[in-house]
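Data first, discussion second: the structure below is written as C-alpha cells.
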Amino acid sequence: MAKILVTGGTGYIGSHTVVELQKVGFEVIIVDNLSNSSIDVLSGIEKITGIRPAFENIDCVDYVSMDRMFEKHNNIEAIIHFAASKAVGESVEKPLLYYRNNLVSLINLLQLMPIHKVKNIVFSSSCTVYGQPDILPVTEDAPIKPALSPYGNTKQIGEEIIRDTIYANPCYQSVILRYFNPIGAHSSAEIGELPNGVPNNLLPFVTQTAIGLRKQLQVFGNDYNTPDGSCVRDYIHVVDLAKAHVVAVERMLKNETKKRVETFNLGTGRGLSVLEIIETFEKVTGVSVPYKIVGRREGDIEKVWADPTYANGELGWTAKETVEETLRSAWAWEQNLEKRNIQE
Ligand code: UFG
C-alpha cells in the first residue's frame with residue numbers, strides 16, 4: 304500500500320488521521336518536531352492500530368533535513384501537511400514565528416515534491432478564511448474575508464501558495480480541507496487533544512473545568528445576535544475529520560479529482576452555541592461545568608457553520624458522530640489523562 308507522509312502527525316488532528324490511514328493499510332511516515340505534541344502519542348497510535356508508524360523528529364522549516372528524509376523514505380506518494388502553529392492569540396504577538404512556521408514549511412514541501420516525485424498534497428486550512436460569512440451555512444465559494452490574525456492569514460496565504468504552485472506545475476495536485484471546529488477524541492481514549500498550558504479552545508477548557516483542573520470556564524459574550532447570545536460554531540468529531548483525509552488521499556491516488564486543486568468544507572452542517580455545548584456536555588457526562596459570562600473575546604466570529612454538501616457528494620464523506628458521542632469521547636480522554644498523571 305502507498306506510503307503517506309504526515310507532517311504534524313503526533314498532533315491532535317494528525318494523530319487521529321494516522322490511525323485512520325493505518326487502519327485501511329497505508330504506510331505512514333510522521334514528521335514532527337514535537338513542539339506542541341508528545342512522543343507518547345506514537346504508543347497511543349500503536350495501541351489502537353498495532354502498528355508504530357515511522358517517526359522523524361524534524362522541523363519542516365529545515366529544508367536540508369526534509370530533503371534527507373525524502374531520500375531515506377523514498378517513494379512517498381502523498382503528503383498530508385498538518386504541521387503548523389495554531390494559537391490565534393500567540394500569532395498576534397509573534398507574527399513572524401507564524402509566517403515562518405506555517406509558510407516556510409509549506410514552501411519547503413512544495414519545492415521538495417517534484418525533486419522526490421511526490422505528486423499529491425493535502426493542506427490543512429480552516430473556516431477562519433471565511434471570517435464572518437454573509438450567508439450561512441457557508442459554501443466553499445463564499446468570499447474570503449480579510450484575516451483577523453496572522454494565524455488566519457497564514458491559512459489564506461497557504462491556500463494561495465498551493466493554488467499558484469499547482470497551477471504552474473502540471474505534475475502536482477492538491478486537496479485543501481477547510482476544517483470547522485474539531486473536538487472529541489478517539490473512542491479508545493488512547494489519543495486526543497493535548498493542550499499546552501491554559502487551553503485556548505473551548506472543549507479542552509470545558510473538560511479541564513469539569514475534572515477540577517480549572518475553577519471556572521469563561522463564556523466569552525452572551526450579547527451576540529444568536530438564539531442564546533453566545534457564539535455559534537460547527538463542532539465536528541476529530542475522527543470524522545480524520546476520515547475525510549483518508550478519502551482525499553485515496554481520491555488523489557486513484558486520479559479521481561475533478562480539478563487539480565479541490566477545496567472542501569469539513570463540518571457537520573450544524574451550528575451549536577457555546578451554552579448549548581456546555582449544557583449538552585453536562586447532560587451526557589452528568590458532571591457540572593461551572594461557568595461565568597464575561598466580555599467578548601477579541602477577534603471572535605459571531606456565528607459560522609458549514610455547508611458540507613460538496614464534500615458529502617464529491618468525497619462520499621459525511622460527519623457521522625453525534626455531538627453527544629463526541630462530547631462523551633472528549634470526557635473519556637480527559638479522564639484517561641488524569642489517570643495517567645496520577646500514576647506518574
Ligand atoms: N470560548 C469560550 N470560552 C473559552 C474558549 C472559547 O467561551 O474559554 C468560545 C469562543 O468565544 C468561541 C467558541 O468558544 O465562541 C469556540 O472557540 P475556540 O477557541 O474553541 O474555537 P474558535 O472557533 O475560536 O477557533 C477555532 C480554532 C482556530 C481557528 C478557528 C477558525 O481554534 O485555530 O477555529 O477556524 F482559527
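Here this note's numbering = 1-based position in the sequence shown + 303. Don't be surprised by glycine CBs; every beta carbon is placed ideally from N, CA and C.
Residue state for F584 is assigned as helix, using DSSP reduced to three classes. Using a cutoff of 6 Å, the CB of K389 counts as near the ligand UFG, since one of the ligand's heavy atoms is closer than that. Annotation: the continuous alpha helix (DSSP H) that includes R466 extends over P453 to A471. A distance of 7 Å or more separates the beta carbons of H384 and F329.
Secondary structure within the stretch 401 to 425: the alpha helix (DSSP H) runs of 4 or more consecutive residues, fully enclosed, are 408 to 418 (chain order). At least one heavy atom of the ligand UFG lies closer than 6 Å to the C-beta of V577. Apart from the 5 residues on each side of it in sequence, L575 sits with its Cβ closer than 7 Å to the Cβ of V535, R536, Y538 and V626 in its chain, given in chain order.
Cα atoms of V597 and I604: separation of roughly 16 Å, rounded to the nearest angstrom.
Distance from the C-beta of T431 to the nearest heavy atom of the ligand UFG is below 6 Å. T310 carries a strand assignment under DSSP once its states are collapsed to helix, strand and coil. The C-beta distance from R481 to T566 rounds to 7 Å, short enough to fall under 8 Å.
For R517, the shortest separation between its Cβ and any heavy atom of the ligand UFG does not lie below 6 Å. Shown here for Q325: same chain residues with a beta carbon closer than 8 Å to its own, the five before and five after excluded, namely V331, I348, T352, I354 and P356 in chain order. Per DSSP, the unbroken beta strand (DSSP E) holding Q476 starts and ends at Q476 to Y482. Following the DSSP letters along the chain, one finds T352 inside the alpha helix (DSSP H) bounded by residues V344 to T352. Using a Cβ distance threshold of 7 Å, P436 and W608 do not count as a contacting pair.
Rounded to whole angstroms, G461 and Q521 show a C-alpha spacing of 32 Å. For the ligand UFG, no non-hydrogen atom lies closer than 6 Å to the CB of V407.
By DSSP's assignment, E565 forms a beta bridge with V478.
Excluding residues up to 5 positions away in sequence, T313, G314 and L497 lie with their Cβ nearer than 7 Å to the Cβ of S340 in the same chain. By the 16-neighbour rule on beta-carbons within 10 angstroms, I438 is exposed. Here DSSP, grouped into helix, strand and coil, assigns S490 to coil. Around the CB of C474, fewer than 16 other CB atoms lie within 10 Å, so the residue is classed as exposed. In the three-state DSSP reduction, A445 falls in the coil class, being neither helix nor strand. For E553, the enclosing alpha helix (DSSP H) stretches over residues V541 to L556. The beta carbons of S452 and V391 sit about 5 Å from each other, so the pair counts as a contact at 8 Å. Under DSSP, S338 takes part in no beta bridge, so it has no partner.
Positions of the alpha helix (DSSP H) runs, each at least 4 residues long and wholly inside the stretch 577 to 644, are given as 577 to 588 and 612 to 617 in order along the chain. A distance below 8 Å between beta-carbons, with the five flanking residues on each side excluded, links K350 to the following residues of its chain, in chain order: S491 and E493. Around the beta carbon of D335, 16 or more other beta carbons lie within 10 angstroms, which makes this residue buried.
Distance from P593 to T510 at the Cβ level is roughly 13 Å; contact not present, criterion being Cβ atoms closer than 8 Å. Cβ atoms of A622 and H540 come within 8 Å of each other, at about 7 Å. The residue among K586, R631, G455 and G524 with its C-alpha nearest the C-alpha of P398 is G455. Distance between V344 and I382, taken at the CA atoms: about 20 Å.
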